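Novice: Take a look at the following structure, please.
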Amino acid sequence: MFPGAVAERESADYVIVGAPLDVSTTFQPGTRFGPDRLRQFARTFDDYDPHADSHFSSLDVHDHGDVHAWDDAAEYLDYLEGVVTDVEWDDAVPLLLGGEHTITIAAVRALDPDVFVCLDAHLDLREAYDGNELSHSTVAQHALDVADEAIILGARTGSEAEWERAGEEDVTVVPPEDVAGWTPPKSLAREDVYLSVDIDAADPAYAPGTGTLEPFGLTSREMREVVRAVAPHSVGFDVVEVNDRDDGQAATLGAKLLREFVFAHATQ
Numbered sequence: 050m051f052p053g054a055v056a057e058r059e060s061a062d063y064v065i066v067g068a069p070l071d072v073s074t075t076f077q078p079g080t081r082f083g084p085d086r087l088r089q090f091a092r093t094f095d096d097y098d099p100h101a102d103s104h105f106s107s108l109d110v111h112d113h114g115d116v117h118a119w120d121d122a123a124e125y126l127d128y129l130e131g132v133v134t135d136v137e138w139d140d141a142v143p144l145l146l147g148g149e150h151t152i153t154i155a156a157v158r159a160l161d162p163d164v165f166v167c168l169d170a171h172l173d174l175r176e177a178y179d180g181n182e183l184s185h186s187t188v189a190q191h192a193l194d195v196a197d198e199a200i201i202l203g204a205r206t207g208s209e210a211e212w213e214r215a216g217e218e219d220v221t222v223v224p225p226e227d228v229a230g231w232t233p234p235k236s237l238a239r240e241d242v243y244l245s246v247d248i249d250a251a252d253p254a255y256a257p258g259t260g261t262l263e264p265f266g267l268t269s270r271e272m273r274e275v276v277r278a279v280a281p282h283s284v285g286f287d288v289v290e291v292n293d294r295d296d297g298q299a300a301t302l303g304a305k306l307l308r309e310f311v312f313a314h315a316t317q
């Protein structure tokens with residue numbers, strides 16, 4: 050159980066769902082261990098948050114546990130979409146723990162947001178990767194099948210075709226050097242937003258435990274400020290691409306960002 054997620058499902062305002070999918074991860078696999086590590090490294094956090102002047106355990110968070118993953122990504126995403134839909138029908142906000150970034154597709158399909166906001170080192174605007182249309186590098190492209198707009202913060206790499214796609218009107222890319230000064234557009238207050246955190250948005254110096262590391266990234270503090278700013282407008286959240294190939298830096302950051310999301314959303 051995620052520390053402090055002590056609410057019963059029937060009374061929960063937030064529901065944590067682990068999604069340990071790890072079938073298309075490139076370079077360094079291990080995202081199947083992400084949900085467990087996020088829970089494990091959250092154990093050291095104090096329940097009280099001085100910024101929010103609130104206790105995490107008082108915010109009616111429930112941990113659903115993990116949705117066991119299998120090799121057929123399409124079937125798994127269909128099933129996971131149903132789990133997220135059930136959370137929404139219970140008037141709770143889903144909080145997904147990945148797992149590879151592909152799990153975001155299920156949540157976006159279930160929640161049907163107007164805007165997809167993502168912290169990510171990669172554009173993830175490929176139509177397919179190595180012939181796989183359900184790859185972790187196709188997430189933003191799939192999100193745009195549902196959302197009207199994508200805002201990708203911290204992106205610093207992608208194929209030539211992805212950068213061309215990113216130049217279209219429905220995509221906004223905020224490079225790492227501009228994230229510290231970014232504020233959500235006022236229109237976000239009138240939209241349903243889905244917020245996804247790919248932990249590789251962070252510079253590898255802060256979060257080396259991820260599959261495809263990319264230097265010149267964001268600081269932990271910059272990521273926190275984005276999460277705090279976007280959370281009040283969000284109908285769902287995830288933190289993905291954490292693996293077991295560091296000493297807990299990536300999991301600690303990811304778990305802390307999930308808590309920051311809940312504190313900011315609950316006190317809006």
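Residue numbers (my numbering): 50 to 317.
Think of the CB as a built atom: it goes at the ideal place given N, C-alpha and C, for glycine as much as any other residue.
Since this is a predicted model, take the numbers as computed values, not measurements.
Measure from the alpha carbon of residue 182 to the alpha carbon of each residue in 135, 123, 132, then state which is nearest.
Specialist: By 1-based counting over the sequence shown, the position of residue 182 is 133. The candidate whose alpha carbon is nearest that of residue 182 is 123.
Novice: So who's on the other strand from residue 195, going by DSSP bridges?
Specialist: Position 146 of the sequence shown, counting from 1, holds the residue named residue 195. None, per the DSSP bridge assignment.
Novice: Three-state secondary structure (DSSP) at residue 113?
Specialist: The residue labelled residue 113 in the question sits at position 64 within the sequence shown. Here residue 113 sits in strand by DSSP.
Novice: List the whole-angstrom C-beta distance separating residue 146 from residue 229, where the pair is believed to meet the contact cut-off of C-beta under 8 Å.
Specialist: Along the sequence shown, read from residue 1 onward, the residue named residue 146 stands at position 97. Along the sequence shown, read from residue 1 onward, the residue named residue 229 stands at position 180. About 27 Å; that fails the 8 Å criterion.
Novice: Where do the ends of the alpha helix (DSSP H) carrying residue 99 lie?
Specialist: Start at 1 with the first residue of the sequence shown, and residue 99 comes out as number 50. No alpha helix (DSSP H) contains residue 99, which DSSP labels as neither H nor E.
Novice: Please list, in chain order, all residues of the same chain as residue 62 whose beta carbon is under 6 Å from its beta carbon, the five residues on each side excluded.
Specialist: Here residue 62 refers to the residue found at position 13 when the sequence shown is read from its first residue. The answer, listed in chain order, is 109, 141.
Novice: Kindly list the residues whose CB is nearer than 7 Å to the CB of residue 277, restricted to its own chain and excluding five residues on each side of it in sequence; keep chain order.
Specialist: Position 228 of the sequence shown, counted from the start, is the residue given in the question as residue 277. Same-chain partners within the cutoff: 309, 313.
Novice: Entirely within the segment 269 to 297 and at least 4 residues each: give me those alpha helix (DSSP H) ranges in chain order.
Specialist: Fully enclosed alpha helix (DSSP H) runs of 4 or longer: 269 to 279.
Novice: My understanding is that residue 288 touches residue 303, with C-beta atoms under 8 Å, so please give their C-beta distance in whole angstroms.
Specialist: As a first step, residue 288 is located in the sequence shown; it is residue number 239 there, counting from the start. As a first step, residue 303 is located in the sequence shown; it is residue number 254 there, counting from the start. So it is a contact: roughly 4 Å between Cβ atoms.
Novice: Quick check: the segment 207 to 215 against the segment 228 to 242, are there 3 or more CB pairs under 8 Å?
Specialist: The segment 207 to 215, when compared against the segment 228 to 242, does not touch it at the 8 Å Cβ threshold.
Novice: Thinking residue 190 and residue 173 are a contact (beta carbons under 8 Å), I'd like their distance in whole angstroms, please.
Specialist: The sequence position of residue 190 within the sequence shown is 141, counting from 1. The sequence position of residue 173 within the sequence shown is 124, counting from 1. 7 Å between Cβ atoms; contact.
Novice: Please identify the residue among 106, 103, 156, 148 whose C-alpha is closest to the C-alpha of residue 129.
Specialist: Along the sequence shown, read from residue 1 onward, the residue named residue 129 stands at position 80. Of 106, 103, 156, 148, the residue nearest in Cα terms is 156.
Novice: To the nearest angstrom, report how far apart residue 102 and residue 316 are at their CA atoms.
Specialist: Your numbering for residue 102 matches position 53 in the sequence shown. Your numbering for residue 316 matches position 267 in the sequence shown. About 9 Å.
Novice: Please report the residue range of the beta strand (DSSP E) in which residue 247 lies.
Specialist: Against the sequence shown, residue 247 aligns to sequence position 198. Element bounds for residue 247: 242 to 247.
Novice: Closest to residue 105 by CA distance: which of 77, 282, 51, 203 is it?
Specialist: Within the sequence shown, numbered from 1, the residue matching residue 105 stands at position 56. Answer by Cα proximity: 51.
Novice: With C-beta atoms as the reference, is residue 293 less than 9 Å away from residue 258?
Specialist: In the sequence shown, residue 293 corresponds to position 244, counting from 1. In the sequence shown, residue 258 corresponds to position 209, counting from 1. Yes.
Novice: So is residue 226 buried or exposed if we call it buried at 16+ other beta carbons inside 10 Å?
Specialist: One-based indexing of the sequence shown puts residue 226 at position 177. Exposed.
Novice: In chain order, what residues of the same chain have a beta carbon less than 7 Å from the beta carbon of residue 132, not counting five sequence neighbours either side?
Specialist: What you label residue 132 is simply residue 83 of the sequence shown in a count that begins at 1. If we look at residue 132 and ignore the five residues flanking it on each side, its Cβ neighbours are 66, 116.
Novice: Within its chain, find whatever has a CB closer than 6 Å to the CB of residue 200; leave out the 5 residues flanking it on each side and keep chain order.
Specialist: Here residue 200 corresponds to residue number 151 of the sequence shown, with the count starting at 1. Once the five neighbours on either side are set aside, the close Cβ partners of residue 200 are 166, 221.
Novice: Just curious, the beta strand (DSSP E) that residue 63 is in, first and last residue?
Specialist: Reading the sequence shown from its first residue, position 14 is the one you call residue 63. That run of the beta strand (DSSP E) goes 63 to 68.
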